[in-house]
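S.K.: What follows is a single structure, and I will ask about it in a moment.
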Amino acid sequence: MPVKIKAIEKSNNEKQMIQTVRDAVDKNLKVSIAGKMHSQGGHTYYKDSIVLDMTGYDKIIHINPEKRTIRVQSGATWDDIQKAVNPLGLAVKVMQSQNIFTIGGSLSVNVHGRDIRNGSLISTVKSFRLLKPDGTIITVSRTENSSYFPYVIGGYGLFGIILDVDLELTKDELYKMRTTAMSYKDYPEYFKKKVSGDDEVRMHLARITTGPHGFLKDMYVTDYKLAKNQEDLSQYNTLKHDSGTMLTKPLLGLSRQFDWGKDRLWDLQQKYFLSKNGELITRNNVMRSESEFLEYENENDTDILQEYFVPVDHFTAYMDDLRDYLQKEELNLLNITIRYVEKDDEAVLSYSKSDMFALVLLINQGMSNEDKRATGKIIRKMVDLSLKYQGSYYLPYYHYPSKHQMERAYPRAKEFFEMKRKLDPEDAFMNYFYEDYGT
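Just so we're aligned: the sequence shown equals residues 1 to 439 in full-length UniProt numbering.
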């Protein structure tokens with residue numbers, strides 16, 4: 001539903017942001033913080049609020065090639081960072097598959113991606129500066145104002161404005177691609193032996209079909225293994241751009257309408273990745289996945305994301321239960337991508353309480369209230385299935401899960417919201433995520 005806000009403030013300097021926050025507090029207005037606004041659960045706006053658009057606050061402040069660190073303003077995107085560090089032979093440690101997101105937004109949801117050795121984003125953050133509700137600025141790290149650190153990262157903009165961030169980088173590397181088709185039953189053992197058990201495999205991605213032929217059974221996995229000839233990196237390190245969507249985009253459109261379209265898209269994707277076996281690609285280019293083919297606008301329906309985390313050892317049983325349930329329901333499931341994320345004990349709202357497979361679901365749903373109710377019912381059941389296997393779900397998406405489910409998936413949720421009320425007692429920073437789950 002449309003939401004009427006008070007104003008959008010596009011800020012590119014600290015003084016302006018400080019004044020905006022102080023003026024809002026004086027006038028008893030709420031402040032919401034927005035980057036690229038790709039979250040789907042009202043995290044970046046609130047009724048009658050001042051929405052602070054951070055995308056103009058996007059400078060690269062400093063790069064230290066020797067220490068492999070970068071300091072960047074929070075409105076910069078991963079693409080901005082990649083363009084700055086690629087000529088220096090450096091790369092990002094942890095980010096989403098796509099590079100279109102802002103750094104501040106990525107910290108606020110504590111992202112993870114294809115890298116299997118560095119966990120979620122919080123593990124790569126050295127420090128950041130935070131503009132608090134009272135208009136003052138503090139530096140936050142694991143040793144300075146450390147109590148803020150595990151709340152702000154993965155804190156959905158509720159504790160203040162992340163101004164700039166000091167991130168760890170890593171070397172850009174040359175990888176050899178390896179794609180294998182397999183049954184879902186073989187995936188956990190394959191992953192343990194061939195992926196996590198092989199130190200030279202640095203990145204990993206898997207997909208499982210949503211088409212009727214082999215529904216939630218047939219998979220292919222792509223591993224990115226350290227190439228032997230690292231001295232050839234310079235021959236491959238030109239940054240790639242979004243391309244190859246001429247066929248994928250219309251096939252994704254057909255898969256929204258027809259089951260045979262889902263099978264056709266699956267066949268195309270699998271054949272494409274299998275054809276890439278043995279090819280070389282840099283780390284930076286692995287982290288520049290295409291996104292334009294996902295763009296979709298229709299007044300009658302829309303695409304949403306959901307993400308579920310399940311412990312590696314429970315994957316097969318979980319998939320059996322998920323398949324049995326979805327075969328009885330009408331859910332237009334377009335794609336499932338599978339990644340791996342290590343256990344994270346640092347973030348208060350950690351989604352990975354153990355080593356997990358992360359299943360990202362792309363779903364097409366109608367826009368009517370009846371459609372939303374039907375989708376919500378199915379999603380809540382899928383959340384229950386994840387919880388059954390000691391898993392969880394990801395919070396940046398539409399708020400179909402109940403408050404009770406949220407608290408089960410995130411055992412420290414009450415602690416998180418109590419700290420919000422302590423550090424921001426007037427709720428100066430507000431969004432619908434907090435209203436739905438924290439009040």
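Cβ atoms here follow ideal geometry from the backbone N, Cα and C, with glycine treated the same way.
What did DSSP end up calling residue 101 once you bin it into helix, strand or coil?
M.R.: As a position in the sequence shown, residue 101 is number 101, starting the count at 1. DSSP places residue 101 in coil when its eight states are reduced to three.
S.K.: Mind checking which residues open and close the alpha helix (DSSP H) that includes residue 383?
M.R.: Position 383 of the sequence shown, counted from the start, is the residue given in the question as residue 383. Unbroken alpha helix (DSSP H) run through residue 383: 369 to 388.
S.K.: Count Cβ pairs between the stretch 362 to 375 and the stretch 323 to 337 that sit closer than 8 Å; are there 3 or more?
M.R.: Enough Cβ pairs lie closer than 8 Å, so yes.
S.K.: Roughly how many angstroms separate the alpha carbons of residue 255 and residue 182, rounded to a whole number?
M.R.: Stepping through the sequence shown from its first residue, residue 255 is reached at position 255. Stepping through the sequence shown from its first residue, residue 182 is reached at position 182. Approximately 22 Å, taken between the alpha carbons.
S.K.: Can you say whether residue 201 is buried or exposed, counting buried as having 16 or more other CB atoms within 10 angstroms of its CB?
M.R.: Locating residue 201 in the sequence shown gives position 201, where the first residue counts as 1. Buried, by the Cβ-count rule.
S.K.: Does the stretch 209 to 219 come close enough to the stretch 116 to 130 to have 3 or more Cβ pairs within less than 8 Å?
M.R.: Result no; under three Cβ-Cβ pairs closer than 8 Å.
S.K.: Who are the near neighbours of residue 205 in its chain, counting only those whose CB is closer than 6 Å to its CB and skipping five residues on each side?
M.R.: As a first step, residue 205 must be located in the sequence shown, where it is residue number 205. Answer for residue 205: 114 and 222, listed in chain order.
S.K.: What three-state label does DSSP hand residue 348 in the structure shown?
M.R.: As a first step, residue 348 must be located in the sequence shown, where it is residue number 348. Residue state, collapsed to three classes: coil.
S.K.: Can you tell me whether DSSP reads residue 29 as helix, strand or coil?
M.R.: Locating residue 29 in the sequence shown gives position 29, counting from the first residue. Three-state DSSP puts residue 29 in coil, outside helix and strand.
S.K.: Given a threshold of 16 other Cβ atoms within 10 Å of its Cβ, counted over all protein chains shown, does residue 404 qualify as buried or as exposed?
M.R.: Counting from 1 along the sequence shown, the entry for residue 404 is found at position 404. Residue 404 is exposed by the Cβ-count criterion.
S.K.: Is the number of C-beta pairs between the stretch 150 to 157 and the stretch 342 to 354 that are closer than 8 Å three or more?
M.R.: Taking 8 Å as the limit for Cβ pairs, the verdict is that the stretch 342 to 354 does touch the stretch 150 to 157.
S.K.: So, are the CB atoms of residue 138 and residue 74 less than 8 Å apart?
M.R.: Here the question's residue 138 lines up with position 138 in the sequence shown. Here the question's residue 74 lines up with position 74 in the sequence shown. No.
S.K.: Between the C-alpha atoms of residue 154 and residue 106, what's the straight-line distance to the nearest angstrom?
M.R.: Taking the first residue of the sequence shown as 1, we reach residue 154 at position 154. Taking the first residue of the sequence shown as 1, we reach residue 106 at position 106. Their backbone Cα atoms lie some 8 Å apart in a straight line.
S.K.: Helix or strand or just coil, what does DSSP make of residue 71?
M.R.: Translated into the one-based positions of the sequence shown, residue 71 becomes position 71. Reduced to three states, the DSSP call for residue 71 is strand.
S.K.: Got a sec? Which residues, its chain only, sit under 6 Å from residue 343 by beta carbon, not counting five neighbours each side?
M.R.: As a first step, residue 343 must be located in the sequence shown, where it is residue number 343. Hits under 6 Å: 352, 354 and 355.
S.K.: Assuming residue 311 is part of the alpha helix (DSSP H), what are its boundary residues?
M.R.: On the sequence shown, position 311 is the one that residue 311 refers to. It is not in any alpha helix (DSSP H) - residue 311 instead sits in the beta strand (DSSP E) that spans 301 to 311.
S.K.: Can the beta-carbon of residue 304 be found less than 8 Å from the beta-carbon of residue 363?
M.R.: Locating residue 304 in the sequence shown gives position 304, where the first residue counts as 1. Locating residue 363 in the sequence shown gives position 363, where the first residue counts as 1. Contact: yes.
S.K.: Going by C-alpha distance, which of 359, 263 and 439 is nearest residue 418?
M.R.: Residue numbering aside, residue 418 sits at position 418 when the sequence shown is read from its first letter. Per the Cα distances, 439.
S.K.: Start and end of the alpha helix (DSSP H) containing residue 81?
M.R.: On the sequence shown, position 81 is the one that residue 81 refers to. Where residue 81 is concerned, the enclosing alpha helix (DSSP H) stretches over 78 to 85.
S.K.: The beta strand (DSSP E) with residue 429 in it runs from where to where?
M.R.: Here residue 429 is taken as the residue at index 429 of the sequence shown, counted from 1. Element bounds for residue 429: n/a, residue is neither H nor E.
S.K.: Over what stretch of residues does the beta strand (DSSP E) that includes residue 337 continue unbroken?
M.R.: Along the sequence shown, read from residue 1 onward, the residue named residue 337 stands at position 337. That run of the beta strand (DSSP E) goes 332 to 341.
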